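**Student:**
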Amino acid sequence: MTPLQILTAAKNGNPAPRIPVFCNLLDQGARELGLSPKDFFGNGEYVADAQLRMQKRYGYDNVWSLHYVGKEAELLGCQEILFADDGAPNVADFVIKNLDDIAKFEIPADITKHPAWQSIADCMTILNSELGATHPLCAYVTASTTLPAILMGMDKWMELFLLGPFDLRDELLRKCSDFFQQQIAGLRKLGAKVLIYSTPFGSPYFLSRKQIETTVMPWMQRDLRPGGTEDIVYYCGMAPFNDVIDLVLDELQIASHYISPLANLAEAKQRINSRGLTCGVIDDIKMIHWSEAQTRAEVKRIIEIGKTGGHFLFGTGVMPLAVPETNIRAMIDAAFEYGRLP
Amino acid sequence: MLEAYIQSYNEAVFETDKQAALDVVNRALADGLSPEDIVFKLVIPAVELMMAFIEKDPDANLAQHFMTAQIAADVTEKMLEKFSNPPEMIGRVIIGAAYGDLHSLGKRIVTGCLKSLMVDVVDLGTNVSAEKFVETAIAEDAQVIAVSAMMVHTATSDRGSLRVRSLLQEQGLEHKIKLAVGGAPYRFDPELYLAVGADAWAPDGVTAAKVIVDLIREVKP
Numbered sequence: 015m016t017p018l019q020i021l022t023a024a025k026n027g028n029p030a031p032r033i034p035v036f037c038n039l040l041d042q043g044a045r046e047l048g049l050s051p052k053d054f055f056g057n058g059e060y061v062a063d064a065q066l067r068m069q070k071r072y073g074y075d076n077v078w079s080l081h082y083v084g085k086e087a088e089l090l091g092c093q094e095i096l097f098a099d100d101g102a103p104n105v106a107d108f109v110i111k112n113l114d115d116i117a118k119f120e121i122p123a124d125i126t127k128h129p130a131w132q133s134i135a136d137c138m139t140i141l142n143s144e145l146g147a148t149h150p151l152c153a154y155v156t157a158s159t160t161l162p163a164i165l166m167g168m169d170k171w172m173e174l175f176l177l178g179p180f181d182l183r184d185e186l187l188r189k190c191s192d193f194f195q196q197q198i199a200g201l202r203k204l205g206a207k208v209l210i211y212s213t214p215f216g217s218p219y220f221l222s223r224k225q226i227e228t229t230v231m232p233w234m235q236r237d238l239r240p241g242g243t244e245d246i247v248y249y250c251g252m253a254p255f256n257d258v259i260d261l262v263l264d265e266l267q268i269a270s271h272y273i274s275p276l277a278n279l280a281e282a283k284q285r286i287n288s289r290g291l292t293c294g295v296i297d298d299i300k301m302i303h304w305s306e307a308q309t310r311a312e313v314k315r316i317i318e319i320g321k322t323g324g325h326f327l328f329g330t331g332v333m334p335l336a337v338p339e340t341n342i343r344a345m346i347d348a349a350f351e352y353g354r355l356p
Numbered sequence: 054m055l056e057a058y059i060q061s062y063n064e065a066v067f068e069t070d071k072q073a074a075l076d077v078v079n080r081a082l083a084d085g086l087s088p089e090d091i092v093f094k095l096v097i098p099a100v101e102l103m104m105a106f107i108e109k110d111p112d113a114n115l116a117q118h119f120m121t122a123q124i125a126a127d128v129t130e131k132m133l134e135k136f137s138n139p140p141e142m143i144g145r146v147i148i149g150a151a152y153g154d155l156h157s158l159g160k161r162i163v164t165g166c167l168k169s170l171m172v173d174v175v176d177l178g179t180n181v182s183a184e185k186f187v188e189t190a191i192a193e194d195a196q197v198i199a200v201s202a203m204m205v206h207t208a209t210s211d212r213g214s215l216r217v218r219s220l221l222q223e224q225g226l227e228h229k230i231k232l233a234v235g236g237a238p239y240r241f242d243p244e245l246y247l248a249v250g251a252d253a254w255a256p257d258g259v260t261a262a263k264v265i266v267d268l269i270r271e272v273k274p
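Here it is as structure tokens:
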């Protein structure tokens, strides 16, 4: 079976030789090609080349579209990204500097015509032609309720979200949701098969369940209405969300859930059961200091919790650049070994 | 009467309802409570209650942390203007986001809580060099440097907390100035604070205020 077929089997609970094994090596690409992060991320062909090389070396099931935190902000007018040689890029220029900017803030009529989209399109076109028929192509999309955090800063957004003015908040959310709908349509058109819906404000770690139900949920429904949710993975930026799994299944019909390493995986699996796909995620920040044996033991623990009954995927979290290559290898080998199905 | 105000104020904070909390404060003032009573009997106990609540139930959400700090800082600032005598401050902390880090939510929560607990806070903003942290701590006679880092590389960089530690060591200041760290990477690896040379860490902004107050008391009896 191809990795794409193995993923489909896991989602549907059909027989397969093993569970799907996903890995997100995003920041490692620049090192792979010996380039500076700025030069690397500025060129979609480089990103695709690095994704293909690393997938071939380690053998995991997926590849990633060009993404870094701030890419969406660039599509919306951000002029400066702080690139780092030792880690992930960071937004250095907020598009919305004060509340008056919200009225002036406009979503481009067609974001795929924006110069910053070209590198994404270049990357996806190459990945799709090389692996699109056999491997899941992953892309990252930020929910309308979270996107403002990279446009104005998390503390300013939290303040506006909780304290208002609420008409201004909702105006910004509507614009962000309009952007989201364009972005996800564009990525699907380029061949993305797995869309990681990053929605930290949909986690009870960020807000109360009541706030999620009354304020966040309608915007998530608006974001996702066109195109449906079959290819969507619910992800709260590594924050736990076990308490809203039922809500997400019922109200959004999202069946795939990327469980935080801080959450109780057994409980999540029990809640999701055969209704969808439980993704067990390793705490890869600890992998910076773990030995290979510790890494293998943790992979074994996660897979033993999740694989019984199928409907399970093994995945990674943020995969910091400082994780040693030997631990990446140990993790992937162990995932294939322990992830075999009878 | 005070009990009723305490209960109403706490409920408002837990429900993240700032206006309701401010209404309680205004009613209490109108009923004759002093600004000192508002801070020491209403605001500080509410922050401490939230600390205890988080300790018991770490799933208290970020909105509650944020609003606890926001409400406490706003009310304290307003009440301090009305104090008959300036209050005695517990100590002073230099806070900022690590070198290369532009996130500010965490330190804003910590700062709000610390101010309400009568700690002087010097906020250096984001993307702060280790040298700036240490220079300011010396100049301001601070007991604690608090470094926030939301990304793995800004937490572990040798230009961040590790450099602050080596500067304190080189200048023989380790007994006078303590180093606290916080931010998402530390939640995922609770041993990480040791690897970056910190004296203490906290899993969230409200608890961080308690950790920092404890460090101040270690240095300043």
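Line order of the protein sequences matches chains A and B. According to this note's numbering, the first sequence holds residues 15 to 356 in order. According to this note's numbering, the second sequence holds residues 54 to 274 in order. Beta carbons: idealized from backbone N, C-alpha and C, even for Gly. Just so we're clear, the structure is a prediction, and the values are computed from it rather than from any experiment.
(1) For I319(A), which residues of its own chain have a beta-carbon under 8 Å away from its beta-carbon, when the five flanking residues on both sides are left out?
(2) Are the region 196-213 of chain A and the region 154-163 of chain A in contact at 8 Å, needing three or more beta carbon pairs?
(3) Which one of K185(B), D194(B), Y239(B) and A195(B) has the shortest CA to CA distance from R216(B)?
(4) With DSSP as the reference, label C137(A) as helix, strand or coil.
(5) I think G27(A) touches H325(A), with their Cβ atoms under 8 Å apart; what is that distance to the nearest whole Å?
(6) Against chain B, with Cβ distances strictly below 8 Å, would M365(A) count as a contact?
(7) Anything in chain B within Cβ reach of L335(A), meaning under 7 Å, just list it in chain order.
(8) Could you tell me which residues DSSP puts in a beta bridge with D176(B)?
(9) Let me make sure I understand the geometry here. Which of G56(A), A106(A), W171(A) and L186(A) has the alpha-carbon closest to that of Q132(A)?
(10) Identify the continuous alpha helix (DSSP H) that holds K203(A) and give its terminal residues.
(11) Using CA coordinates, which residue listed in G146(A), M68(A) and N104(A) is at the minimum distance from L47(A)?
(12) Measure the C-alpha to C-alpha separation of I198(A) and A253(A) and round it to an integer number of angstroms.
(13) With burial defined as no fewer than 16 other Cβ atoms inside 10 Å of the residue's Cβ, what is the status of N341(A): buried or exposed?
(14) For H303(A), which residues in chain B fall below 9 Å Cβ to Cβ?
(15) S79(A): which of A64(A), M168(A) and I95(A) sits nearest, CA to CA?
(16) Using only the alpha-carbon positions, how far apart do K70(A) and T330(A) sit?
(17) Can the beta-carbon of V83(A) be found less than 8 Å from the beta-carbon of N104(A)?
(18) Is K300(A) close to chain C, meaning its C-beta is less than 8 Å from at least one C-beta of that chain?
(19) Could you list the residues in the region 167-187 of chain A with a C-beta less than 7 Å from some C-beta on chain B, going in chain order?
(20) Please state the DSSP three-state secondary structure of F328(A).
(21) Name the residues in the region 115-134 of chain B whose C-beta lies less than 7 Å from a C-beta of chain A; which are they?
(22) Could you say which of N287(A), R45(A), G101(A) and D347(A) lies nearest to G73(A) if we only look at CA atoms?
(23) For the alpha helix (DSSP H) that K231(B) lies in, which residues bound it at each end?
(24) Taking C-beta pairs closer than 7 Å, name the residues in chain B that Q93(A) reaches, listed in chain order.
(25) So if I threshold CB-CB distances at 7 Å, which residues from the region 198-225 of chain A count as touching chain B?
(26) Closest to P268(B) by C-alpha separation, out of V66(B), E68(B) and G144(B), would be which residue?
**Tutor:** Concretely, from the data shown:
(1) Apart from the 5 residues on each side of it in sequence, I319(A) sits with its Cβ closer than 8 Å to the Cβ of L279, A280, K283 and G294 in its chain, given in chain order.
(2) A contact between stretches requires three or more CB pairs, one per stretch, nearer than 8 Å, and the region 196-213 of chain A meets this requirement with the region 154-163 of chain A.
(3) R216(B) has its Cα closest to that of K185(B), out of K185(B), D194(B), Y239(B) and A195(B).
(4) Of the three classes helix, strand and coil, the one that applies to C137(A) here is helix, per DSSP.
(5) Cβ atoms of G27(A) and H325(A) come within 8 Å of each other, at about 5 Å.
(6) Because chain A spans 15 through 356 in this model, residue 365(A) falls outside it and cannot be assessed.
(7) Chain B residues near L335(A): H206.
(8) DSSP, once it has assigned bridges, lists I148(B) as partnering D176(B).
(9) Nearest to Q132(A) by alpha-carbon distance, out of G56(A), A106(A), W171(A) and L186(A), is G56(A).
(10) Per DSSP, the unbroken alpha helix (DSSP H) holding K203(A) starts and ends at F180 to K203.
(11) Here the closest residue by C-alpha is M68(A).
(12) The alpha-carbon atoms of I198(A) and A253(A) are separated by roughly 22 Å.
(13) The residue in question, N341(A), is buried, as its Cβ has 16 or more Cβ neighbours within 10 Å.
(14) The contacting residues are D242, E244, L245 and A248.
(15) Of the candidates A64(A), M168(A) and I95(A), the one whose C-alpha sits nearest the C-alpha of S79(A) is A64(A).
(16) Answer to the nearest angstrom: the Cα atoms are 17 Å apart.
(17) Less than 8 Å divides the Cβ of V83(A) from the Cβ of N104(A).
(18) Note that chain C does not occur in the displayed structure, where the protein chains are A and B.
(19) Using a CB distance below 7 Å, the part of the region 167-187 of chain A facing chain B consists of G167, M168, D169, M172, L176 and L177, ordered along the chain.
(20) The answer is strand: DSSP assigns F328(A) an E or B state.
(21) Flagged, chain order: L115, A116, F119 and M120.
(22) Residue D347(A) is the option with its Cα nearest to G73(A).
(23) Per DSSP, K231(B) belongs to no alpha helix (DSSP H); it is in the beta strand (DSSP E), K231 to G235.
(24) Chain B residues near Q93(A): none, gap ~14 Å exceeds 7 Å.
(25) So the list reads P218, Y219, F220, L221, S222 and Q225, given in the order they occur along the chain.
(26) Rather than Pro, the amino acid found at residue 268(B) in this sequence is Leu. The shortest C-alpha separation from L268(B) is found at G144(B).
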